[in-house]
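*Asks:* Here it is, the structure in full.
Residue numbers (this note's numbering), protein chains in the order written: chain A, 30 to 427; chain B, 7 to 761.
What follows is the structure, given as C-alpha cells:
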C-alpha cells in the first residue's frame, strides 16, 4: 500500500495566489487582507486534513471481472468500503495501473476509463465500475489499483495504491460472417442435418415404449394395441444440428509465412486476423445452433471436441485468447482424427493456403482475404462498423 | 435538482455576492443595480428552457472591449492606487460576459477563480463591516460551491470517459450510476460546515499571529484605525472627502451636573479632538505642529474603579460651575478622547493609560496592556474656567501658544480690506489690552463670515485655481464652503493680523434625545472651529459656521432609521476595534494574557497535585520513603490501566470482526477469547494489503486469498474452518488447537503475498 499527496496545477496556482496575498498582507496595513491570507492558507491545510483522513478509512477490493473481449466494453467492478463511522468519502476515483510491459508490448488495455463514486457513506460498502475497451486479445494481468480523491477543494489530491493482482483473458474480436457463408459451407458436406441418436421432437419414427402417465393420447401406437395388451406410445427421432470443425492453422512459423506484402501488414497481423476469423466463425456457428469444435495447429493443444452452447463457445474463445504467437511452432499432428469426424471442416490459414494440413473435403480460407468471409459492415449485434485499417487488423479503434 | 444545475445556481449566487462585495468596497452601488440583474438574467437565458447563449466570438469581442475600456481608464488616470479598482473592473466584465455563454467545467472553474480574484481585489480597497460580513458569507458559500464543483467535475469527467467508446457502441456501455439526492446533499453540507469550522479556527490563528510589522510599520499610536469616524486630525482644504452626511452614530454623550442629574446644555457642545496650529500653504493643509506632537509626555492612568484622575499639573481646588460628561462609544475606534473645553479630570472603568498634551489639553489613549479600544469614559469639565483653574491645569504657558502670523501674505491684505470695510481697527487701542483686541477682532470677523459667506457641503463648484490659496479663493472668489473653510478663514485672518488663533477639529453635539437624556453624535457632526487667545491662559471658541445651517442639515438628514442604527453601529464598533484595529500591540497583549493564563493554570495544577501527594503521605505517616512507594503504586496502576484498555480494545475488535455482537453476553465474552486468532489474522491480512470486506464470508475470503497465494489461502482456510466450528458448531477449542491457530497466524505474518 502506497499513500501519496498530489499537488496539481490548480493547487500550485492556488499556492502562488496565497503567497501573493501573503506578500500583500505583509506590505499593506489592512487586516482584511491578512485575514484573507489566513483563510487561503487554512484552505490548503483543511483540504489536506479532510482528504487525508477520508482516504485512510477507505478499503478497496476488485470483484470478479466479467468477460473481456476486443471490441466489447470490459467492465471491472470494485467494492469500496468506508470503515469510518462518522465521515463520508466523496469524489473517489479508481484507476487501474498496468505494468509498463503490459501496455507497451501488447497494448491489451489502454487505461482511459476509471471508476467513480460520488459518495460512500460512513460504514457503507459500495460497488462501482470502470469500463475499458481492450485493444488486443490475450492475457491481461491486472496489477495495481489506485484510489484518488481531490476532494474537497481540488487543490491537492490524496492517493492510495493497492496491490490487487488478477488475470483476465481478453477474447478475440468477433465480426459478423457474410450471410449464408457458414450455412453453405456446413450443409454442403458431412456437416449437414442428420438424425440424432436420441429421441426428440422430430417427425421420423424412432421407437415405441410403454405408456407413462402424462403422455399424450395422440402418441399412442394404436396399431400395436391389437398385437399386445400393453399400451405403447410412439417416440419420434430428433434431428442433430450441423457440425463444423474450425481448424486454425498456425503451424507455419511467422518468419516462413508466405503472403503478398500489402498495406504494411506483418505476419503477426495476419495471424491475429486468422484468430479473429476463427472467433467470428465460432460465434456464427453458435448463433446458428451448430455443433462446433476447434483445432489449433502449430501448438500442443489438443483439439476441442464438438459441442454447442454458451459455455462451449466461451471455452473455445478462451482457447483462442490464450494463444501465444511468440511460442515455438510445432508441426501439425496427423489429420486422421479430422478424417474420421463426420463434420464439415473449415481451415483458416494466416498466409497462403496449404491443403496438405487438412482432409481433402475441408474448405480453406485465408486471412489475407478476410473481407471475403467477414462482413465488416455489420458487427455481431448487427450495428454498422468500419472496415479494418491496415495497422489495426482487428478493426478496433485506438 | 440535479448536481449540475444545483452547482450552477449556487455559482450564480456566489457571483452575485462578489458583485455585492465590489459594490460595497468601492461604494458603487450602481454596479449592483446594473450588473446584478444581468448576471441574474443569465440564469434564465443560459440555463432556462430555451438555453440561449452569447456566441463565443461575441464574448471574445466583449472581453476586448472591457480590456480597452480598462486600459483607457488607466491611461486617463495613471494612479497606481487605482490598480485594484481597475482589476476589479476587468474581472467584473469578464465574469458577466462568461455568465452569458455556454460553459464547460473548466470555464466554470475559471468563474470561481475570477470571483475569488474579485473579492480579493475588493478586500484591498475596503475594511467596512458590511464588506466584512459579505466576505464571511462569500467564504462559506465559496466552500460549498467549490465542493459541488469537485463532485460535478468528477462526475462529468467519468461520464465523458465512459462515452469515449467505439462508434455506435454506446448502447453496450453500462450507464454511470451517480446518485446525488438529499442524503448526499446533507452530507456535503455537513462537510462544508466542518471545513468552515476548520477554516475559521486556522484563519483566526494565522490572523492573530501574523507579524504586522514585517514590511509595513504598525499604526502610529494616537491616530488609531478610526478612518471612518468623520473626524480627522488634519484639515485638508484640497480634498473634501471627509465631509459626509453619514448618519452613523459615533458616540453618545450625557451632560450631568455635579449631582449626576442629566441635563441639556444651553447650546451645542463642541468636543475637541485635535488642535491645528500649523498651516502648510504648499499642500493647503492644517496639521498639529511637530512640537505639539512631541508634547504628549504626561501620562495618567485613571483607576479602574471609576474614580476621577486630575489632568492638570496641580489638583483643582475651585469646584464651581463643574459638570460631568459621560461619553459612550458606538462606532468610533479613535485613540483620541473627545472633550469639551475645559477638561479637568478623567475617569474610566478599565485600567488604561492616557497621554495628555498639557498646552492644548488633548487626551489620547496610549494603553499597551489592554486589548481593543475603550468603551466609555467620563470627564469633569468646567466650561468657564477661572484663571486659577487654568493655571493649575497648564502650569506655564507654552511657547507655541504665542505663534503669530500666517504664511499666505494675501490673507493679510484681504483681512485688512474686510476690517476696513466693516470699520474695525485691528490695532490694539490705547485703553484696551491685547486680549480685548483679540476678542473684538474675532467677533467682527466671525460676524462678517456669517453675513457674507454661505455654508455648503457640496463643493462641486469650488474649483481650486493653481497658484491661489483655497482660503483666498473662499474669501474673495467663491464665499461658500463648509466648516473647515469657515474655521480656516477665521483662523488665518486672525493670525495674519497678529491675533493668536488656532484651528480645532472634533465633533459638535446638536441632537439631543429627550428619552435617553443624552446627545447623539454622528459622523456628519464632525466639525471645525477656531479658538482665539483671550488671556494668558484663556482661549475662547469662535465658530464662524452659521449655526442655523448646521441645525438645518441635522434636521434634514434625520430619518426613522436613525433609531435603529445603533444595532449596526455597535457591530461596526466591534468590527473596527477587534478586526480592523488589530495590530502589533494587540498581539502582544494577547500573547501576554495567554501565556499568563496557561502558566497560572499549570502552576495551580502542579501545586494541587503536589499538595495531594503530601497530604496522602502525611495521612499514612509514610515518611520520605512514602514518595517512592507512591510512585511505584502509581506506575503499577497506570500499567494495569493501559493493559486493561488494550484487552478491552482487542475484545471489542474481535466481537466486531467475528460478528458475535448478537450472541448472549456470556457467550460473546467466551467467543471473544477463543476467536482472537481470527482477529489477528484479519489485521495481518489488512496490513499486507488484502483486507476482508464486510460482506465477505471467512471462507470466501480464504478462497480469494488462495487465488493470489495458494499457501496463504490454505492457512486462512484452516483458520476459517476453526472459526466456523467454534462460532456455529458449538466447538470448544482446546489449548493445543488455539496454540496451533496462533502458530498459523504467526506463519501468515511473515512473507509477501504471492511469493
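Note that the Cβ used here is the ideal one computed from N, Cα and C, for glycine as well. For clarity, every value in this text was computed on a predicted model and none was experimentally measured.
1) Taking Cβ-Cβ distances below 7 angstroms as the criterion, which residues of the stretch 106-121 of chain A are in contact with chain B?
2) Would you mind reading off the limits of the alpha helix (DSSP H) that contains residue 159 of chain B?
3) Rounded to the nearest angstrom, what separates residue 650 of chain B and residue 643 of chain B at their Cα positions?
4) Does any CB atom of chain A fall closer than 8 angstroms to the CB of residue 734 of chain B?
5) For residue 505 of chain B, collect the residues of the same chain with a Cβ closer than 7 angstroms to its Cβ; drop the 5 residues on either side in sequence, then sort them by chain order.
6) Quick one: residues in its chain with C-beta nearer than 7 angstroms to the C-beta of residue 155 of chain A, no 5 flanking neighbours on either side, listed in chain order?
7) Quick one: what does DSSP say residue 500 of chain B is sitting in, helix, strand or coil?
8) For chain B, find out if any of its Cβ atoms is closer than 8 angstroms to the Cβ of residue 143 of chain A; answer yes or no.
9) Residue 179 of chain B touches chain A at which residues, Cβ-Cβ below 8 angstroms?
10) What three-state label does DSSP hand residue 420 of chain B in the structure shown?
11) Closest Cβ-Cβ distance between residue 187 of chain A and chain B: below 8 angstroms?
12) Output, in chain order, the set of chain A residues within a Cβ distance shorter than 8 angstroms of residue 138 of chain B.
13) By the three-class DSSP mapping on this structure, what secondary structure does residue 752 of chain B have?
14) Can you find at least 3 beta carbon pairs, one from the stretch 677-697 of chain B and one from the stretch 66-76 of chain A, that sit closer than 8 angstroms?
15) Compute the Euclidean distance between the alpha carbons of residue 85 of chain B and residue 79 of chain B, then round it to the nearest angstrom.
16) What does a CB cutoff of less than 6 angstroms around residue 574 of chain B pick up in its chain, not counting 5 residues either side in sequence?
17) Cβ of residue 142 of chain A within 7 angstroms of any heavy atom in the ligand ADP?
18) Closest to residue 115 of chain A by CA distance: which of B:509, B:200, B:462 and B:701 is it?
19) Give me the Cα-Cα distance between residue 251 of chain A and residue 272 of chain A, rounded to the nearest whole angstrom.
20) Measuring CB to CB, does residue 493 of chain B end up less than 8 angstroms from residue 516 of chain B?
21) Assuming residue 197 of chain A is part of the beta strand (DSSP E), what are its boundary residues?
22) Tell me whether residue 548 of chain B is buried or exposed, calling it buried when 16 or more other Cβ atoms sit within 10 Å of its Cβ.
23) Using 8 angstroms as the Cβ pair cut-off and three pairs as the minimum, do the stretch 225-235 of chain A and the stretch 326-337 of chain A touch?
24) Could you name the residues of chain B that residue 75 of chain A contacts, counting a contact when the two beta carbons are closer than 8 angstroms?
25) Please check if any C-beta of chain B sits within less than 8 angstroms of the C-beta of residue 183 of chain A.
26) Counting only the same chain and skipping the five closest in sequence on each side, list residues whose C-beta sits under 7 angstroms from that of residue 267 of chain A.
27) Using a Cβ-Cβ distance under 8 angstroms, would residue 613 of chain B count as near chain A?
28) Under 7 angstroms Cβ to Cβ from residue 35 of chain A, same chain only, skipping five residues before and after it: list those, please.
29) Any beta-carbon of chain A closer than 8 angstroms to the one on residue 195 of chain B?
30) Taking only beta-carbon atoms, is residue 112 of chain B less than 8 angstroms away from chain A?
31) If I'm right that residue 314 of chain B touches residue 345 of chain B with Cβ under 8 angstroms, what's the distance once you round it to whole angstroms?
32) Are residue 48 of chain B and residue 144 of chain B close, meaning C-beta to C-beta below 8 angstroms?
33) State the CB to CB distance for the pair residue 91 of chain A and residue 79 of chain A, rounded to an integer number of angstroms; the pair is presumed to be in contact (CB under 8 angstroms).
34) Quick check on residue 161 of chain B - is its C-beta less than 8 angstroms from some C-beta in chain A?
35) Go ahead and pull the three-state DSSP assignment for residue 280 of chain A.
36) Excluding the 5 residues preceding and the 5 following residue 227 of chain B in the sequence, name in chain order all residues of the same chain whose CB lies nearer than 7 angstroms to its CB.
*Replies:* In short:
1) Residues passing the 7 angstroms Cβ filter: 108, 110, 117, 119 and 120.
2) Within the second chain, residue 159 of chain B is the residue found at index 153, counting from 1. Residue 159 of chain B -> alpha helix (DSSP H) spans 135-169.
3) Locating residue 650 of chain B in the second chain gives position 644, where the first residue counts as 1. Locating residue 643 of chain B in the second chain gives position 637, where the first residue counts as 1. Their Cα atoms are separated by approximately 10 angstroms.
4) Taking the first residue of the second chain as position 1, residue 734 of chain B is located at position 728. Not an interface residue.
5) The sequence position of residue 505 of chain B within the second chain is 499, counting from 1. Here the set comprises 444, 447, 448 and 538.
6) One-based indexing of the first chain puts residue 155 of chain A at position 126. These residues qualify, in order along the chain: 109, 146 and 149.
7) In the second chain, counting from the first residue as 1, residue 500 of chain B sits at position 494. DSSP places residue 500 of chain B in helix when its eight states are reduced to three.
8) As a working note, residue 143 of chain A is residue 114 in the first chain. At least one chain B Cβ lies under 8 angstroms of residue 143 of chain A.
9) Position 173 of the second chain, counted from the first residue, corresponds to residue 179 of chain B. By Cβ distance, chain A contributes 102 and 160.
10) Within the second chain, the letter at position 414 stands for residue 420 of chain B. In the three-state scheme derived from DSSP, where H, G and I count as helix and E and B as strand, residue 420 of chain B is classed as helix.
11) Here residue 187 of chain A is taken as the residue at index 158 of the first chain, counted from 1. Not closer than 8 angstroms to any Cβ of chain B, the Cβ of residue 187 of chain A fails to qualify, so no.
12) Indexing the second chain from 1 puts residue 138 of chain B at position 132. Going along chain A in sequence order, the residues near residue 138 of chain B (Cβ under 8 angstroms) are 61.
13) Here residue 752 of chain B refers to the residue found at position 746 of the second chain. Reduced to three states, the DSSP call for residue 752 of chain B is helix.
14) no
15) In the second chain, the residue the question calls residue 85 of chain B occupies position 79. In the second chain, the residue the question calls residue 79 of chain B occupies position 73. Taking the straight line joining both Cα atoms gives about 10 angstroms.
16) Sequence index remark: in the second chain, residue 574 of chain B carries index 568 (1-based). Cβ neighbours of residue 574 of chain B beyond the five flanking positions: none.
17) Absent from the structure shown: the ligand ADP. Ligands present: none.
18) Residue numbering aside, residue 115 of chain A sits at position 86 when the first chain is read from its first letter. It is B:200 whose Cα lies nearest to the Cα of residue 115 of chain A.
19) As a first step, residue 251 of chain A must be located in the first chain, where it is residue number 222. As a first step, residue 272 of chain A must be located in the first chain, where it is residue number 243. Distance between the alpha carbons of residue 251 of chain A and residue 272 of chain A: 37 angstroms.
20) Within the second chain, numbered from 1, the residue matching residue 493 of chain B stands at position 487. Within the second chain, numbered from 1, the residue matching residue 516 of chain B stands at position 510. Contact flag unset, no.
21) Here residue 197 of chain A is taken as the residue at index 168 of the first chain, counted from 1. Start and end: 185-200.
22) For the purposes of this step, residue 548 of chain B is taken as residue 542 along the second chain, with counting starting at 1. So residue 548 of chain B counts as buried.
23) no
24) Along the first chain, read from residue 1 onward, the residue named residue 75 of chain A stands at position 46. Per Cβ cutoff of 8 angstroms: 201, 204, 205 and 208.
25) Counting from one through the first chain, the residue named residue 183 of chain A turns up at place 154. Cβ-Cβ to chain B under 8 angstroms: yes for residue 183 of chain A.
26) Start at 1 with the first residue of the first chain, and residue 267 of chain A comes out as number 238. 225, 227, 228, 229, 230 and 231, listed in sequence order.
27) Position 607 of the second chain, counted from the first residue, corresponds to residue 613 of chain B. Not one chain A Cβ lies under 8 angstroms of residue 613 of chain B.
28) The residue given as residue 35 of chain A occupies position 6 in the first chain. These residues qualify, in order along the chain: 185, 186 and 188.
29) As a position in the second chain, residue 195 of chain B is number 189, starting the count at 1. The beta carbon of residue 195 of chain B does not come within 8 angstroms of any beta carbon belonging to chain A, so the residue lies off that interface.
30) Position 106 of the second chain holds residue 112 of chain B. No, no contact with chain A.
31) Stepping through the second chain from its first residue, residue 314 of chain B is reached at position 308. Stepping through the second chain from its first residue, residue 345 of chain B is reached at position 339. Cβ-Cβ separation between residue 314 of chain B and residue 345 of chain B: approximately 13 angstroms, too far for a contact (criterion under 8 angstroms).
32) Taking the first residue of the second chain as 1, we reach residue 48 of chain B at position 42. Taking the first residue of the second chain as 1, we reach residue 144 of chain B at position 138. It is not a contact, given that the beta carbons lie outside the stated cut-off.
33) Along the first chain, read from residue 1 onward, the residue named residue 91 of chain A stands at position 62. Along the first chain, read from residue 1 onward, the residue named residue 79 of chain A stands at position 50. A Cβ-Cβ distance of about 26 angstroms is found for the pair residue 91 of chain A and residue 79 of chain A, leaving them out of contact under the 8 angstroms criterion.
34) As a working mapping, residue 161 of chain B is identified with position 155 in the second chain. Yes, its Cβ sits closer than 8 angstroms to a Cβ of chain A.
35) Mapped onto the first chain, residue 280 of chain A falls at position 251. Three-state result, residue 280 of chain A: coil.
36) For this step, residue 227 of chain B is matched to residue 221 along the second chain. Note that residue 227 of chain B scores a pLDDT of 38, beneath 50, so its modelled location is shaky and nothing firm can be said.
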